[in-house]
Amino acid sequence: MSPTHVLLVDDEEIFTRNIAKLLAHRGYRVTAVSSGDAAIRALEEQPFDVLVLDLKMPGLDGIATFREMLKLGLSVETIILTGHGSIDTALEAVKLGAHDYLTKPCEIEELVAKIESARGKGRGKRP
Amino acid sequence: MGPIEAAGAQMANEPPAAGRPESNAPPDRVAERRKSYKRLFWRFVRLTVLCSLLPLLVVGWAINLHYTRFARERMLHFFQSQVEDHRRVIERFLGEQTAKLKLIARTHDLPRLTAPGALARVFELFNQEEKTLTDLGVIGDDGFHRAYVGPYDLWSRNYSREHWFRRVMEHGVYVSDMFMGFRREPHFIIAVTHSDGERVWILRATIHTEAFRALVENVRIGRTGTVYLLNAEGLYQTSPAGRAPIMEKAPYPVGEPHAGIRLRTLEELPGPEGKPLARQIACEAWLKTPRWLLIVQQEYDEAFADVNHANRWTLVFLLASAATIVLATVGITRHMIVLIRRRDDEADRLNERLLQAGKLAAIGELSAGVAHEINNPLAILLTERQLLLDCAARHPLPEGEFREQFEESMSQIDIQVQRCKRITQNLLRFARRTESRLEPLDVNAFIREVVELMEREAKTSGIRFTTALDPAIPPVVSDPSQLQQVLLNLITNAIDAHDGKPYGAIRIATRADAASRRFTLKVADTGAGIRPEHLARVFDPFFTTKAVGKGTGLGLAITFGIVQRLGGSIHVESEPGKGTEFTIELPWEPPEELRQSLTAESRPA
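Read top to bottom, the protein sequences are chains Z and S.
Residue numbers for the first sequence follow our numbering, so the first one is 1 and each next one is one higher.
Residue numbers for the second sequence follow our numbering, so the first one is 1001 and each next one is one higher.
As structure tokens, then:
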């Protein structure tokens, strides 16, 4: 079985780099981009198993990216990363079809658990 | 239990107790206010009194003046008509007597008139109806009596050198002034001449002085009114109310004869027993024949008694009105100042609340920004730690000091990051507009529930809970989750206030006020109390008296915000060492703007 391919979107590059390393240590294949546009392009190029999307970004922000994705029919299980203050927006994304959300800062194990749960659901949907 | 624990954790960071009076203007401002109220009071009073008294006095004065003039004119007119009438009466009387004498002289020749008994018969006829003449005589051109009827012995008297004799011989008719004559008492005569062709004779009559006096004085004018006559030289022709004998000189000049009626005021007239008379008003008219001055005179004050009376009453009325106006003005103004002061106090309180709300809003915005900015580095810190841990797992460190220190630091980093996270979460919770939900609520049951939970928490602290809940509170409409937070914040603070005390009590009371459709909720503790200098700041965000790291200082600020949002008010009283009491007042129904903002919020969802 090929490793779960995760697309990580966050404008904080050190954060994405670190998360990518941590996920890689745990057996995931991670592609990290730092903007909504880059994320859409990456999704168009190749399929991903799970998308980890930060809400607060310059330019196309998380929720706009998610909407754009939906519009383009780029379906992928999504975990929204959010600060405590924007839980409402995260919930909105969940209502729109995102798998779950996670508040920053978070433990890596929490993220892994959510990715696994999203992956399981994704597999169920697309065997 | 979840939300309660969260609130509890948050509240542990609060100041031990806090307070703020409803209005806490500094004392110098209070004194300044009081002075300005006093100034305002006097300005109002002055203005109102001026604006109402001045017109009143002017109008009162004008009406009085007008009335006085009118009354005086009427009075004088009355006087004048009296004099006019009376002059006519006297003139008619004298004219009648003169005409009678003329008639007799013309219809009787001298022999017939001097015949024995003839003159007596005429005299009788004259005095038939009333005593008019004192005596009657026929005098020849030699000045001796030809015939005489009367009480005096005048047969031997010769009148040819008398003043009146010459005058009557000149003019044919003469009415004399009062004179003493041969009889040595004041009297006056009317004489007419008649000529038989060769001889001229005189028919002379003495007017009965008493009868004439009665005729002249036959006018009653008040208590002090007198009527009398003066001749052209100013000698009394009748005695003025017995004040002076006939023929005495009047104490004032009579002036030149004039045709009309003249009015004058006489001051300082000598009265009986040497005392001067009060000011007199006199109305004068000259008779044609003889040239006598008829005077009707009355005490000025009596003549104008009505006017004076009216004036007095006008004055009384004006004074009473003025007093009423002044009293009413003072009363109304005082009442108004009380109202204004109440409004000002209310405005002060509102301003303070607005200030507080503004502070909260500004801090909220700032907090949200700061929390967001801090969250990212925190997230990175956490990932860096995890990376290090991953590394350590792959390449285990050798036992020793470094490994010990590494593990300790890793766990400390985690603890501190979690602490930062808690702080930012609190900040964000404070900044966030929590979603409200309004629903019917039994306040007392709700309080009992919360208290029960808190009692369990505080069991080890030795603090007793008592409640005094007013059963009169009807089911209210409010936001249970927010109300719960308020209650938890206050109770947690109350528990914390007993820090270091092995015992204590927290009393929670409610009371309904049907009149204002509000209820009050009091949370009182027996804790450390709040120092007066802190009392004004306890609702400020980030104000805390707790040790660094133990409090965000947001609990009471949040409480304040919630209570305000629910349309209520909160205030605090505290005595250091004795305890603190928070009083919250809330409406039975939430304010309309809260309902509206809630419906507006829920619409896009």
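Every residue, glycine too, gets a C-beta built ideally from N, C-alpha and C.
Name the DSSP beta bridge partners of residue i, please?
| i | result |
| --- | --- |
| Y1228/S | I1295/S |
| K1038/S | Its beta-bridge partners do not exist; DSSP assigns none. |
| H1194/S | W1201/S |
| R1511/S | T1520/S |
| S1478/S | E1439/S |
| P1587/S | R1518/S |
| T1383/S | According to DSSP, which records beta bridges pairwise, T1383/S is partnered with nothing at all. |
| S1569/S | E1585/S |
| C1391/S | Answer is none; C1391/S lacks a bridge partner. |
| Y101/Z | I80/Z |
| C1286/S | Contrary to the premise, residue 1286/S reads as Trp rather than Cys in this sequence. L1293/S, per the DSSP bridge assignment. |
For residue i and residue j, I'd like the C-alpha separation in whole angstroms.
| i | j | result |
| --- | --- | --- |
| H99/Z | L74/Z | 14 Å |
| P1591/S | L1566/S | 7 Å |
| K114/Z | A1368/S | 26 Å |
| L102/Z | G36/Z | 18 Å |
| T1314/S | G1060/S | 8 Å |
| Y1503/S | D1496/S | 12 Å |
| I19/Z | I1380/S | 9 Å |
| H25/Z | D1390/S | 8 Å |
| L72/Z | T4/Z | 23 Å |
| P1021/S | T1559/S | A caution first: P1021/S carries a pLDDT of 40, below 50, which makes its placement in the model unreliable, though a value can still be read off. Spanning the two alpha carbons is a distance of roughly 16 Å. |
| V6/Z | F15/Z | 15 Å |
| I1363/S | P1541/S | 7 Å |
| G1260/S | A1285/S | 6 Å |
| A1515/S | H1571/S | 21 Å |
| L1535/S | S1574/S | 8 Å |
| E1267/S | L1136/S | 42 Å |
| D10/Z | N1376/S | 10 Å |
| D1348/S | P1532/S | 20 Å |
| L1057/S | K1038/S | 27 Å |
| A1557/S | P1396/S | 49 Å |
| E1581/S | T1492/S | 13 Å |
Quick one: what's got a C-beta closer than 8 Å to residue i's C-beta in the same chain, skipping five residues either side?
| i | result |
| --- | --- |
| A64/Z | G36 |
| R1291/S | N1231, A1232, P1257 |
I'd like to check one pair, residue j with residue i: are the Cβ atoms closer than 7 Å?
| i | j | result |
| --- | --- | --- |
| T1224/S | E1302/S | yes |
| V30/Z | L51/Z | no |
| D1470/S | L1438/S | no |
| V1149/S | T1114/S | no |
| A942/S | R1507/S | Because chain S spans 1001 through 1605 in this model, residue 942/S falls outside it and cannot be assessed. |
| T89/Z | L53/Z | no |
| D1513/S | P1475/S | no |
| E1585/S | G1568/S | yes |
| I1415/S | V1486/S | no |
| A1505/S | R1464/S | yes |
| D62/Z | L55/Z | At residue 62/Z the sequence reads Gly, which differs from the Asp that was named. Yes, Cβ-Cβ distance for G62/Z and L55/Z is below 7 Å. |
| L1287/S | E1129/S | no |
So with CB distances below 7 Å, who are the chain Z contacts of residue i?
| i | result |
| --- | --- |
| Q1386/S | L22, I108 |
| A1515/S | The premise fails here: A1515/S is roughly 41 Å from chain Z at the closest Cβ pair, so nothing lies under 7 Å. |
| K1421/S | P105 |
Anything in chain S within Cβ reach of residue i, meaning under 9 Å, just list it in chain order.
| i | result |
| --- | --- |
| G27/Z | Here the premise fails: no neighbours, minimum Cβ distance about 12 Å. |
What does residue i touch in chain Z if you count any residue whose Cβ is under 9 Å from its own?
| i | result |
| --- | --- |
| D1390/S | K21, L22, H25, R26, I108 |
| L1378/S | K104, P105 |
Excluding sequence positions up to five away, which residues of its chain have a Cβ less than 6 Å from the Cβ of residue i?
| i | result |
| --- | --- |
| V1254/S | L1230, G1234, L1293 |
| R1183/S | Y1152 |
| R1641/S | This structure leaves residue 1641/S out entirely; chain S is present only between 1001 and 1605. |
| A1322/S | L1053 |
| A1278/S | E1299 |
Residues of chain Z with CB under 8 Å from residue i, in chain order?
| i | result |
| --- | --- |
| V1417/S | P105 |
| N1375/S | G83, H84, K104, P105 |
Which chain S residues sit within Cβ distance under 8 Å of residue i?
| i | result |
| --- | --- |
| K128/Z | Limits of chain Z in this structure are 1 at one end and 127 at the other, which puts residue 128/Z out of reach. |
Using C-beta distances below 7 Å, list every residue in its chain close to residue i, excluding the 5 sequence neighbours before and after it, in chain order.
| i | result |
| --- | --- |
| V112/Z | R26 |
| E107/Z | none |
| Q1298/S | I1221, G1222, T1224, G1225, Q1280, I1281 |
| F1165/S | G1143, Y1159 |
| F66/Z | L53, T78, A93, L96, A98 |
| V1307/S | T1068, A1071, R1072 |
| W1155/S | H1145, Y1148 |
| I1473/S | V1443, N1444, T1510, A1512, F1519 |
Would you say residue i lies against chain C (beta-carbon separation less than 7 Å)?
| i | result |
| --- | --- |
| T1383/S | No chain C appears in the structure shown, which is made up of the protein chains Z and S. |
So which residues on chain S does residue i lean against when the C-beta distance must stay under 7 Å?
| i | result |
| --- | --- |
| I14/Z | I1380 |
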